[in-house]
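Peer 1:
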Amino acid sequence: SAQVPPYTETCVHGTYPPKPDRKVPEYIINLDLPPSQRWNQLAFDKRNEIRSIIGAFKGFLDDFGLLPKEVIYLLDLLGPVLVDTLPQPFRDEIRGISNATGIEIGEITLYNIFYELFTV
Amino acid sequence: CTSVIAESPTGKLYHARNLDFGLFMGWDIKNRTWYITEKLRPAIVNLNWQRGGKTVFKSVNYAGYLGILTGVSPGKFTLSMNERFKLDGGYIGIIDLILTGKGMWMGFLTRNTMETAQSFSEAKKMLTSKQMIAPAYFILGGNQSREACVITRNRELNGTDIWQMADAGGWYILETNYDHWVAPLFIDDRRTPANKCMRNMKQKGAGIAGLFDVLSSKPVLNKLTTYTALMQVNSGHLETWLQYCEDPCVPW
């Protein structure tokens with residue numbers, strides 16, 4: 001089902017526009033609101049998706065021995081302290097997302113620094 | 121990831137990108153998909169960041185992620201970020217942050233840039249003047265003819281490289297996940313196919329539809345691709361399409 005590398009290109013034409021069901025929804029983030037309230041609507045609407053991604057990240061980090069279950073437990077425990085190390089407004093925005101989704105602060109923090117963990 | 125900025129014959133700049141994520145993070149043998157990639161797709165949203173009821177900038181985000189990976193500041197500049205893999209990467213940066221307090225999280229740096237920079241040159245300055253926790257490629261477009269570049273960042277400020285569109289071949293500049301001065305890994309060469317499709321399209325095809333075609337061509341489009349975003353700086357236009365790579369399709 002896949003070509004052996006190195007791959008050769010197949011330049012396609014006429015693919016635009018794709019079917020409308022591939023368009024993504026739009027939300028307004030009101031920067032005039034306090035940081036803790038900016039993400040309320042979006043975080044609530046997408047809480048299951050966010051939970052699912054974080055669950056998958058944690059599974060991956062655990063599988064590779066990068067962040068064992070014990071560290072995740074510690075992360076949940078120390079989340080409120082950990083988030084205080086981040087600059088504003090990100091600190092309060094993470095608190096707001098945590099409140100809106102019911103997901104632990106430490107796990108939302110982990111999600112937001114995943115790029116740095118992944119680039120190794 | 122693949123990011124490209126192209127200039128139309130009328131001098132308009134178009135910025136497009138594929139966001140690929142989830143390599144080696146669980147392969148679903150039955151459906152031939154990457155586990156995390158499939159989880160990310162339903163969380164993709166377009167955000168319109170407003171102050172005083174007016175748009176400050178627009179971005180494409182995974183819900184719950186506060187940083188910016190793709191964004192347009194209408195009339196000013198466009199930005200996308202591609203991952204840069206390096207041994208001196210995130211973990212060392214995090215230890216450095218704990219020990220010395222130096223370093224900025226990538227997503228927060230791009231967010232600050234989108235919120236505060238008032239021009240291409242100001243954005244370029246912000247993206248090149250802060251120590252980071254992990255290396256990255258920033259693909260930055262302005263609002264003037266040929267105003268586009270790829271910034272290759274180390275964690276630290278030494279070794280920053282700025283590659284201008286004029287030096288990249290004239291009417292477009294393209295970046296995947298390799299330093300532009302070295303050849304990509306032969307099993308992960310999206311650069312050569314993307315360049316070939318750009319040249320096939322020619323400058324007269326540079327626009328939303330043409331760039332979408334290039335980014336929908338395999339292996340530029342692959343099993344890791346979650347979305348294609350298309351931006352035009354002058355109008356502040358941003359549109360995002362979920363991407364799926366039907367078999368036969370390369371895993372990355």
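Those sequence lines, one after another, are chains A and B.
Going by my numbering, the first residue of the first sequence is number 1, and it counts up by one from there.
Going by my numbering, the first residue of the second sequence is number 121, and it counts up by one from there.
We treat Cβ as the ideally placed atom computed from N, Cα and C, and that holds for glycine.
#1: Report all residues from its chain with a CB closer than 8 Å to the CB of L31(A); omit the five preceding and five following residues, and keep chain order.
#2: Closest by CA to H357(B), which one among T345(B), D367(B), P194(B) and V334(B)?
#3: Whole angstroms are fine: how far does the CA of L77(A) sit from the CA of N278(B)?
#4: Against chain B, which members of the segment 22-40 of chain A pass a CB distance test of less than 8 Å?
#5: Could you check what DSSP says for D287(B) in three-state terms: helix, strand or coil?
#6: Going by CA-CA distance only, name the one from L117(A), R91(A), L110(A) and I103(A) that's closest to P35(A).
#7: Please state whether the Cβ-Cβ distance between A126(B) and L335(B) is less than 8 Å.
#8: Locate the beta strand (DSSP E) running through E127(B), then write down its first and last residues.
#9: Against chain A, with Cβ distances strictly below 8 Å, would N202(B) count as a contact?
#10: I'd like to know if C317(B) contacts chain A, where contact means its C-beta is closer than 8 Å to some C-beta of that chain.
#11: Please tell me whether I50(A) and A237(B) are closer than 8 Å, where the distance is taken between their beta carbons.
#12: Quick one: grab the DSSP three-state call for Y347(B).
#13: Are the Cβ atoms of Y364(B) and N112(A) separated by less than 8 Å?
#14: Given this structure, state the Cα-to-Cα distance separating S98(A) from T109(A), to the nearest angstrom.
#15: Closest by CA to T280(B), which one among K245(B), L305(B) and R266(B)?
Peer 2: Based on what the coordinates show:
#1: To locate residue 31(A), count along the first sequence from 1; it is residue 31. Shown here for L31(A): same chain residues with a beta carbon closer than 8 Å to its own, the five before and five after excluded, namely R38 in chain order.
#2: Walking along the second sequence from the start, residue 357(B) turns up at place 237. Its Cα nearest to that of H357(B), the residue P194(B) stands out among T345(B), D367(B), P194(B) and V334(B).
#3: Position 158 of the second sequence, counted from the start, is the residue given in the question as residue 278(B). Position 77 of the first sequence, counted from the start, is the residue given in the question as residue 77(A). Distance between the alpha carbons of N278(B) and L77(A): 37 Å.
#4: Here the close residues are R22, K23, V24, P25, E26, Y27, I28, I29, N30, L31, D32 and W39.
#5: As a position in the second sequence, residue 287(B) is number 167, starting the count at 1. Three-state DSSP puts D287(B) in a helix.
#6: On the first sequence, position 35 is the one that residue 35(A) refers to. Ranking the options by Cα distance to P35(A), first place goes to R91(A).
#7: Position 6 of the second sequence holds residue 126(B). Position 215 of the second sequence holds residue 335(B). No. Outside cutoff.
#8: Position 7 of the second sequence holds residue 127(B). Run containing E127(B): T122 to E127, per the beta strand (DSSP E) assignment.
#9: As a first step, residue 202(B) must be located in the second sequence, where it is residue number 82. Look at N202(B): its C-beta is not under 8 Å from any C-beta on chain A.
#10: The residue you call residue 317(B) lines up with position 197 of the second sequence. With 8 Å as the cut-off, C317(B) counts as an interface residue toward chain A.
#11: For the purposes of this step, residue 50(A) is taken as residue 50 along the first sequence, with counting starting at 1. For the purposes of this step, residue 237(B) is taken as residue 117 along the second sequence, with counting starting at 1. Going by C-beta atoms, I50(A) is not nearer than 8 Å to A237(B).
#12: Your numbering for residue 347(B) matches position 227 in the second sequence. Y347(B) sits in a strand when the DSSP states are folded into three classes.
#13: As a position in the second sequence, residue 364(B) is number 244, starting the count at 1. As a position in the first sequence, residue 112(A) is number 112, starting the count at 1. At a Cβ-Cβ threshold of 8 Å, Y364(B) and N112(A) do not count as neighbours.
#14: Mapped onto the first sequence, residue 98(A) falls at position 98. Mapped onto the first sequence, residue 109(A) falls at position 109. Answer to the nearest angstrom: the Cα atoms are 9 Å apart.
#15: Numbered from its first residue, the second sequence carries residue 280(B) at position 160. Taking only the C-alpha atoms, the option nearest T280(B) is K245(B).
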